[in-house]
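Comments concern the structure below.
2 protein chains.
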Amino acid sequence: MKQDTSGSRPTPTLEMVAALAGVSRATVSRVVNDVPSVDEDIAAKVRQAILAVNYTPNRAARSLASRRPNSVTLIVPESTSKVFADPFFASVVQGVALYLADTDYTLNMVIASEAKPEKTRAFLLGGNVAGALVVSHHAGDRSWTHLSDYIPMVFAGRPLGESASYYVDVDNEAAAAGATRVLIESGRTNIATIAGPQDMPPGIDRVNGWRVAMAEAGLDDSRVEYGDFTLASGAKAMRRLLGSGKPVDGVFVANDQMAAGAYTVLQERGLRIPEDVAVVGFDDDSFATSVNPQLTTVHHPIIEMGKKMAEILVDLIEGKDTARVTQIPTSLVIRESV
Amino acid sequence: MKQDTSGSRPTPTLEMVAALAGVSRATVSRVVNDVPSVDEDIAAKVRQAILAVNYTPNRAARSLASRRPNSVTLIVPESTSKVFADPFFASVVQGVALYLADTDYTLNMVIASEAKPEKTRAFLLGGNVAGALVVSHHAGDRSWTHLSDYIPMVFAGRPLGESASYYVDVDNEAAAAGATRVLIESGRTNIATIAGPQDMPPGIDRVNGWRVAMAEAGLDDSRVEYGDFTLASGAKAMRRLLGSGKPVDGVFVANDQMAAGAYTVLQERGLRIPEDVAVVGFDDDSFATSVNPQLTTVHHPIIEMGKKMAEILVDLIEGKDTARVTQIPTSLVIRESV
DNA sequence: TTGAAAGCGCTAACAA
DNA sequence: TTGTTAGCGCTTTCAA
Numbered sequence: 001m002k003q004d005t006s007g008s009r010p011t012p013t014l015e016m017v018a019a020l021a022g023v024s025r026a027t028v029s030r031v032v033n034d035v036p037s038v039d040e041d042i043a044a045k046v047r048q049a050i051l052a053v054n055y056t057p058n059r060a061a062r063s064l065a066s067r068r069p070n071s072v073t074l075i076v077p078e079s080t081s082k083v084f085a086d087p088f089f090a091s092v093v094q095g096v097a098l099y100l101a102d103t104d105y106t107l108n109m110v111i112a113s114e115a116k117p118e119k120t121r122a123f124l125l126g127g128n129v130a131g132a133l134v135v136s137h138h139a140g141d142r143s144w145t146h147l148s149d150y151i152p153m154v155f156a157g158r159p160l161g162e163s164a165s166y167y168v169d170v171d172n173e174a175a176a177a178g179a180t181r182v183l184i185e186s187g188r189t190n191i192a193t194i195a196g197p198q199d200m201p202p203g204i205d206r207v208n209g210w211r212v213a214m215a216e217a218g219l220d221d222s223r224v225e226y227g228d229f230t231l232a233s234g235a236k237a238m239r240r241l242l243g244s245g246k247p248v249d250g251v252f253v254a255n256d257q258m259a260a261g262a263y264t265v266l267q268e269r270g271l272r273i274p275e276d277v278a279v280v281g282f283d284d285d286s287f288a289t290s291v292n293p294q295l296t297t298v299h300h301p302i303i304e305m306g307k308k309m310a311e312i313l314v315d316l317i318e319g320k321d322t323a324r325v326t327q328i329p330t331s332l333v334i335r336e337s338v
Numbered sequence: 001m002k003q004d005t006s007g008s009r010p011t012p013t014l015e016m017v018a019a020l021a022g023v024s025r026a027t028v029s030r031v032v033n034d035v036p037s038v039d040e041d042i043a044a045k046v047r048q049a050i051l052a053v054n055y056t057p058n059r060a061a062r063s064l065a066s067r068r069p070n071s072v073t074l075i076v077p078e079s080t081s082k083v084f085a086d087p088f089f090a091s092v093v094q095g096v097a098l099y100l101a102d103t104d105y106t107l108n109m110v111i112a113s114e115a116k117p118e119k120t121r122a123f124l125l126g127g128n129v130a131g132a133l134v135v136s137h138h139a140g141d142r143s144w145t146h147l148s149d150y151i152p153m154v155f156a157g158r159p160l161g162e163s164a165s166y167y168v169d170v171d172n173e174a175a176a177a178g179a180t181r182v183l184i185e186s187g188r189t190n191i192a193t194i195a196g197p198q199d200m201p202p203g204i205d206r207v208n209g210w211r212v213a214m215a216e217a218g219l220d221d222s223r224v225e226y227g228d229f230t231l232a233s234g235a236k237a238m239r240r241l242l243g244s245g246k247p248v249d250g251v252f253v254a255n256d257q258m259a260a261g262a263y264t265v266l267q268e269r270g271l272r273i274p275e276d277v278a279v280v281g282f283d284d285d286s287f288a289t290s291v292n293p294q295l296t297t298v299h300h301p302i303i304e305m306g307k308k309m310a311e312i313l314v315d316l317i318e319g320k321d322t323a324r325v326t327q328i329p330t331s332l333v334i335r336e337s338v
């Protein structure tokens with residue numbers, strides 16, 4: 001870093017702008033905060049002065065004087081952050097950051113250590129933060145729910161069980177049903193599913209969606225094998241499906257990673273996709289396109305989720321009332337696997 | 001959020017603690033800031049009062065009064081954030097956050113839009129931030145380097161070309177050479193490499209490491225095919241290697257994802273790993289263990305990188321002098337592919 | 001519509 | 001070793 005030699009002026013303050021524009025600090029403050037009652041000529045002069053001295057408001061002073069924090073916190077439970085490659089996390093953060101960029105709120109992040117939650121609690125409740133977002137990999141994790149009583153909080157994903165908190169999610173069940181219908185409409189009749197863990201909402205909702213579509217078509221909805229959302233578990237589940245002796249000509253897989261696992265098994269047995277068995281995935285992550293033939297899947301708009309979470313949080317902070325649950329629409333991406 | 005009904009007291013202030021402990025605010029401030037010159041009995045009394053009223057310092061006030069910002073910013077170039085599944089990013093953030101958790105600095109994040117960089121610039125230079133970290137996927141991206149003249153900055157990864165900035169990285173070349181030696185020591189003699197893009201430092205350095213090891217063993221170092229670090233590109237490169245007619249009994253692949261791609265080709269040709277061809281990867285990410293047989297690879301300590309970056313940044317902020325380049329050690333993870 | 005003045009909660013000389 | 005005092009840079013009544 002360069003030394004702060006000689007005459008390098010201090011960071012410009014409101015005061016300096018006021019002096020240059022020939023008005024009071026209060027007026028400058030009003031201009032900066034877009035208070036309508038300012039004479040347009042004066043406002044223009046002030047804005048010019050702001051540009052001239054290259055003024056940026058001091059956030060700490062602003063927050064102190066206005067008695068309201070200007071940052072929101074993203075809480076990442078330590079367990080989540082341990083999941084090494086977590087595209088979900090990165091994309092939610094991206095969406096959140098993109099939304100907040102257009103507001104006056106700054107985004108800060110904490111890793112919430114399960115060991116000493118008081119630290120995080122104190123930080124959040126100490127009046128330093130306007131609200132918080134929780135991105136937990138296990139969408140069932142609600143250890144922070146109780147803080148909703150004190151500051152605005154928004155969660156990613158439907159909670160397991162009842163909850164009075166705000167959250168945004170996709171309609172996993174409806175999307176899964178839609179994906180299954182693609183299989184059905186392609187003429188497949190022996191359709192199985194590789195489901196996710198039944199202790200997290202996406203795992204539960206996605207099989208249910210499959211069941212709904214199967215039932216409405218009058219097809220057998222008993223062919224389900226479970227995985228844990230990893231590639232390896234998808235391969236194992238596919239092996240079990242194939243080993244059962246019953247025919248399979250279509251599979252709805254609860255996420256793309258497991259679908260990629262299923263691909264390996266299908267292909268090592270010489271089964272063609274989609275001719276012999278059609279596959280539909282869920283998430284539309286990097287696995288969907290890195291696989292051959294490319295996977296038809298449900299697009300999970302993670303960045304949008306992040307944006308929506310931030311939007312709802314800001315609304316909450318500003319006292320607007322909003323719905324507790326927000327579902328963002330998914331879409332089906334038709335590629336080559338059906 | 002619960003209503004702020006009736007007698008709910010305001011956030012406790014220094015003043016309240018002082019009153020309760022029967023001392024001046026200055027003394028409380030000293031205790032909070034661990035100033036040594038405080039009488040231990042008084043300090044104890046103060047600490048008790050702090051607990052009693054559940055006091056948390058107001059960060060804005062602190063920052064304002066001390067005239068120094070208490071947050072550091074993580075800059076994520078928009079192009080990086082577009083990389084959907086970026087485990088690298090998530091892990092660096094994790095390391096950074098873990099380190100900062102034990103300091104008084106708060107971590108905030110901005111997505112730096114390439115469209116309007118002035119916004120980010122203004123934020124960073126407005127005196128609101130003590131320092132910044134840059135995590136760019138393309139380690140060559142140095143569009144923020146010039147800010148180093150004004151605030152402390154630390155980058156992830158060796159820059160392309162010269163640079164006067166601070167950065168932390170692994171010694172890609174040495175690590176690649178080490179990985180290649182494992183292949184050599186296992187008795188392989190026809191060793192190829194699948195290299196990464198030659199416009200980013202890791203791509204360059206890793207082939208060079210391979211060359212070093214090959215040369216020192218007196219082996220032919222001409223068998224190189226290039227990929228772009230994706231799984232698909234690794235598969236293609238492997239296909240080219242196999243199609244060349246020359247024998248291959250070992251491959252050093254510049255990252256695990258491409259190694260996974262190479263696996264698929266090897267296995268579809270009926271070649272056994274490691275019996276027919278041994279493979280060593282680089283990164284030790286989730287691909288390394290999701291593949292069968294599990295991949296022997298170089299462990300890239302990303303979280304450690306994040307921690308180190310934060311550590312160096314804090315040192316810089318506090319005026320300690322530190323080395324411009326910091327290399328963190330890698331290790332070889334021996335699994336089943338050699 | 002504008003300005004004067006009183007703080008926001010804290011730190012940091014300076015004095016005692 | 002402790003307290004007094006004067007701000008940090010801004011917002012926000014209140015009066016004009």
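As they're listed, the protein sequences go chains A and B. Quick note: the first sequence, position 257, residue 257 per the UniProt record's numbering, numbers continuous. Quick note: the second sequence, position 105, residue 105 per the UniProt record's numbering, numbers continuous. Yeah, the Cβ is synthetic: ideal placement off N, Cα and C, and Gly gets one too. Since this is a predicted model, take the numbers as computed values, not measurements.
Let me know the secondary structure DSSP gives B:Glu225 once reduced to three states.
strand
Would you tell me roughly how many angstroms separate the C-alpha atoms of A:Pro152 and B:Gln94, rounded to the nearest one?
24 Å
If the cut-off is 7 Å on Cβ atoms, which residues from the segment 208-240 of chain A count as contacting chain B, listed in chain order?
Thr230, Leu231 and Ala232
By the 10 Å Cβ neighbour count, where 16 or more other Cβ atoms means buried, how is B:Ala161 classified, buried or exposed?
According to the sequence displayed, residue 161 of chain B carries Gly and not Ala. Its Cβ having fewer than 16 others within 10 Å, B:Gly161 is exposed.
DSSP on B:Pro197, reduced to helix/strand/coil?
coil
Does any CB atom of chain B fall closer than 8 Å to the CB of A:Arg59?
yes
Range covered by the beta strand (DSSP E) that runs through B:Ile151
Looking at the DSSP string, B:Ile151 is not in any beta strand (DSSP E), and its letter there is neither H nor E.
Per-residue contacts from B:Thr296 into chain A (C-beta, under 7 Å):
The premise fails here: B:Thr296 is roughly 18 Å from chain A at the closest Cβ pair, so nothing lies under 7 Å.
Neighbour flag for A:Asn128 against chain B, beta carbons, 8 Å
yes
Can you tell me where the beta strand (DSSP E) with A:Asn108 in it begins and where it stops?
Thr106 to Ala112
State yes or no: is the C-beta of A:Ile317 within less than 8 Å of the C-beta of A:Ala130?
yes
Who are the neighbours of A:Asn108 on chain B, taking C-beta pairs under 8 Å?
Ser71, Thr106, Leu107, Asn108 and Met109
Strand pairing of B:Phe282, partner residues [DSSP]
B:Val298
Quick check on the DSSP output: the alpha helix (DSSP H) that includes A:Ala176 runs from which residue to which?
Asn172 to Glu185
Under 8 Å from the C-beta of B:Thr56: neighbouring residues of chain A:
Ala122, Phe123, Leu125, Gly126, Gly127 and Asn128
If B:Gln327 and B:Asp169 are in contact, beta carbons under 8 Å, what's the gap, nearest whole angstrom?
6 Å
In the DSSP assignment, find the unbroken beta strand (DSSP E) run with A:Thr120 in it and report its ends.
A:Thr120 -> not in any beta strand (DSSP E); alpha helix (DSSP H) instead, spanning Pro117 to Leu125.
Once the 5 residues before and after B:Val182 are set aside, which same chain residues still bring their CB inside 7 Å of it?
Val280, Thr296, Leu332 and Val338
Just mark B:Ala164 as buried or exposed, buried being the case when its beta carbon has 16 or more other beta carbons within 10 Å.
exposed
To the nearest angstrom, how far is the alpha carbon of A:Phe89 from that of B:Ala65?
36 Å
Using C-beta distances below 6 Å, list every residue in its chain close to A:Leu14, excluding the 5 sequence neighbours before and after it, in chain order.
Arg25 and Val28
Residues of the segment 89-101 of chain B with a CB closer than 8 Å to any CB of chain A: list them in chain order, please.
Phe89, Ala90, Ser91, Val93, Gln94, Ala97, Leu98 and Ala101
Return the residue from the list B:Arg240, B:Ser71 and B:Thr120 that minimises the CA-CA distance to B:Leu100.
B:Ser71
Would you list the one or two residues that DSSP bridges to A:Val251?
A:Ala192 and A:Val279
Check each candidate in B:Asn208, B:Ala213, B:Arg269 and B:Arg30 and name the one with the smallest Cα separation from B:Met238.
B:Arg269
With 16 other CB atoms within 10 Å as the buried threshold, where does B:Lys236 fall?
buried
Can you list, in chain order, the residues of the UniProt domain "HTH lacI-type" (12-66) of chain B whose Cβ is nearer than 7 Å to any Cβ on chain A?
Thr56, Asn58, Arg59, Ala60, Ala61, Ser63 and Leu64
Hey, quick one: how far does the beta strand (DSSP E) through B:Gly131 stretch, first residue to last?
Gly131 to Val134
In angstroms with no decimal places, state the Cα-to-Cα distance between B:Gln198 and B:Gly245.
25 Å
Any heavy atom of the ligand ZN closer than 7 Å to the CB of B:Leu242?
Questions concerning the ligand ZN fall outside what the structure shown contains, since it holds no ligand whatsoever.
Alpha carbon of B:Pro12 to alpha carbon of B:Pro57, nearest angstrom
9 Å
Does the segment 119-126 of chain A come into contact with the segment 301-321 of chain A, if we say contact requires no fewer than three beta-carbon pairs (one atom in each stretch) closer than 8 Å?
no
Environment of A:Gly22 [buried if 16+ CB atoms lie within 10 Å]
exposed
When you check each C-beta in the segment 277-307 of chain A against every C-beta of chain B, which residues fall closer than 7 Å?
Asp285, Ser286 and Ser290
Secondary structure of B:Leu332, DSSP reduced to three states
strand
Applying the criterion that 16 or more other CB atoms from any shown protein chain within 10 Å of the CB defines a buried residue, is A:Ser91 buried or exposed?
buried
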